[in-house]
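J.: Residues 1 to 240 (UniProt numbering) make up the sequence shown, in order.
C-beta atoms are modelled at their ideal positions from N, C-alpha and C, and glycine is treated no differently.
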Amino acid sequence: MDFSDVLHSRRSIRAFADKPVPQAIIDSILTDAIESPSSSNTQPYKVAVATGKTCQQLGQELLEKYRKINVIQRQPLPLKLFNAATSNAMPDGDYKPILGKYPGIFQDRRMHTGKGLYEIMGIQRGDKKARDAAMARNFTFFDAPVAIFVFIHPGMKFTALVDAGIMMQSLMLSATDKGLGTCPQGALGMWRSPLEKHFDIPKGYNLVCGLALGYPKEDEEVNSYRPRKISLDELLIPTK
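As structure tokens, this is what we get:
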């Protein structure tokens, strides 16, 4: 594919086909991602790749934690505090998610994107059950056959997060070029403990997020959704 076509056709896929991704293709995508630039070529990231039974088991373990925490959040305050302290469902990721509203214009963009996504999925604003079900699909990777988890070494400070983002973009564009789809998922950084059961994570590396990978399911309208991007004028900082 032409590079511009790859760039503009990439989008977050939220419905994957029941079709395994050959290991050779996964390796090729990761090999492309390795070519990404990083600060002084430090490459301060590692990835854990879950396929097959490991992917399925991880999905069920993460989904169970999400369901537990979802119940706890709806309980009266005293019971909520007790269960939060005694349950193994509380998030144990290395980075805390943004809770509540995003600051300023970022909340507006977030709400606009969410509204558009729910509309294309046919979910009404007040349909809490349907919204919860849609959120839960994050933790089974939207049925993708591959889940990739991204770790960084915090010793490289903020540059590690920048470098990991560049690497993930390379990975996603490579996947798009090969006819696959991806969905980067911040939600997959909420729980680290299930990953510890399945992977020998090097000491000192922090979990950042995850990414679903697979073949997009055909004729699924949700896969056509593309939120509005900012304009060039919005991107540029004007001169004085």
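Hey, out of 190, 69 and 194, whose CA is closest to residue 132's CA?
T.: As a first step, residue 132 is located in the sequence shown; it is residue number 132 there, counting from the start. Taking only the C-alpha atoms, the option nearest residue 132 is 69.
J.: For the alpha helix (DSSP H) that contains residue 48, what are its first and last residues?
T.: As a position in the sequence shown, residue 48 is number 48, starting the count at 1. Here residue 48 belongs to no alpha helix (DSSP H); instead the beta strand (DSSP E) covers 45-51.
J.: Tell me which residue opens and which closes the beta strand (DSSP E) that residue 6 is part of.
T.: Within the sequence shown, residue 6 is the residue found at index 6, counting from 1. Note, residue 6: premise wrong, no beta strand (DSSP E); alpha helix (DSSP H) at 3-9.
J.: Is residue 182 helix, strand or coil when you go by DSSP?
T.: In the sequence shown, residue 182 corresponds to position 182, counting from 1. Three-state result, residue 182: strand.
J.: Since residue 63 and residue 136 should fall inside the 8 Å C-beta cutoff, what is the C-beta to C-beta distance between them, to a whole number of angstroms?
T.: The sequence position of residue 63 within the sequence shown is 63, counting from 1. The sequence position of residue 136 within the sequence shown is 136, counting from 1. At roughly 6 Å, the Cβ-Cβ gap stays under 8 Å, so residue 63 and residue 136 are in contact.
J.: Got a sec? Which residues, its chain only, sit under 8 Å from residue 123 by beta carbon, not counting five neighbours each side?
T.: Along the sequence shown, one-based indexing puts residue 123 at 123. 130, 131 and 134, listed in sequence order.
J.: So does the region 199-212 actually touch the region 179-190, counting three or more Cβ pairs closer than 8 Å?
T.: In short, these stretches touch, since the Cβ pair count reaches three.
J.: What does DSSP give as the partner residues of residue 209 in its beta bridges?
T.: The residue you call residue 209 lines up with position 209 of the sequence shown. Residue 209 pairs with 150.
J.: Could you check which residue in 121, 197, 25 and 193 has the C-alpha nearest to that of residue 221?
T.: In the sequence shown, counting from the first residue as 1, residue 221 sits at position 221. Closest by alpha carbon: 121.
J.: When you compare the region 190-204 with the region 216-230, are there three or more beta-carbon pairs, one atom per stretch, that lie closer than 8 Å?
T.: Because the criterion of three Cβ pairs below 8 Å is not met, the region 190-204 and the region 216-230 do not touch.
J.: Could you round the C-beta distance between residue 153 and residue 37 to whole angstroms and report it? I think they count as a contact, below 8 Å.
T.: In the sequence shown, residue 153 corresponds to position 153, counting from 1. In the sequence shown, residue 37 corresponds to position 37, counting from 1. Their Cβ separation, rounded to whole angstroms, is 17 Å, which puts residue 153 and residue 37 out of contact at 8 Å.
J.: Quick one: what's got a C-beta closer than 7 Å to residue 92's C-beta in the same chain, skipping five residues either side?
T.: The residue you call residue 92 lines up with position 92 of the sequence shown. So the qualifying residues of the chain are 191, 192 and 193.
J.: Mapping the DSSP letters down to three states, classify residue 231 as helix, strand or coil.
T.: Counting from 1 along the sequence shown, the entry for residue 231 is found at position 231. It is coil, neither helix nor strand.
J.: So, under 8 Å CB-CB, residue 21 and residue 180 are touching, yes? Tell me the CB distance rounded to an integer number of Å.
T.: Position 21 of the sequence shown, counting from 1, holds the residue named residue 21. Position 180 of the sequence shown, counting from 1, holds the residue named residue 180. Confirmed, about 7 Å.
J.: On the three-state DSSP scale, how would you describe residue 12?
T.: Sequence index remark: in the sequence shown, residue 12 carries index 12 (1-based). Three-state result, residue 12: strand.
J.: Which residues in the same chain have their Cβ closer than 8 Å to the Cβ of residue 226, if we skip the five residues on either side of it in sequence?
T.: In the sequence shown, counting from the first residue as 1, residue 226 sits at position 226. Same-chain partners within the cutoff: 11.
J.: Is it the case that the CB of residue 9 approaches a heavy atom of the ligand COA more closely than 7 Å?
T.: As presented, the structure is devoid of all ligands, the ligand COA included, so that no description of it is given.
J.: Kindly indicate which three-state DSSP category residue 20 falls into: helix, strand or coil?
T.: One-based indexing of the sequence shown puts residue 20 at position 20. DSSP places residue 20 in coil when its eight states are reduced to three.
J.: CA-CA distance, residue 158 and residue 146?
T.: As a working mapping, residue 158 is identified with position 158 in the sequence shown. As a working mapping, residue 146 is identified with position 146 in the sequence shown. Roughly 28 Å separates the two Cα atoms.
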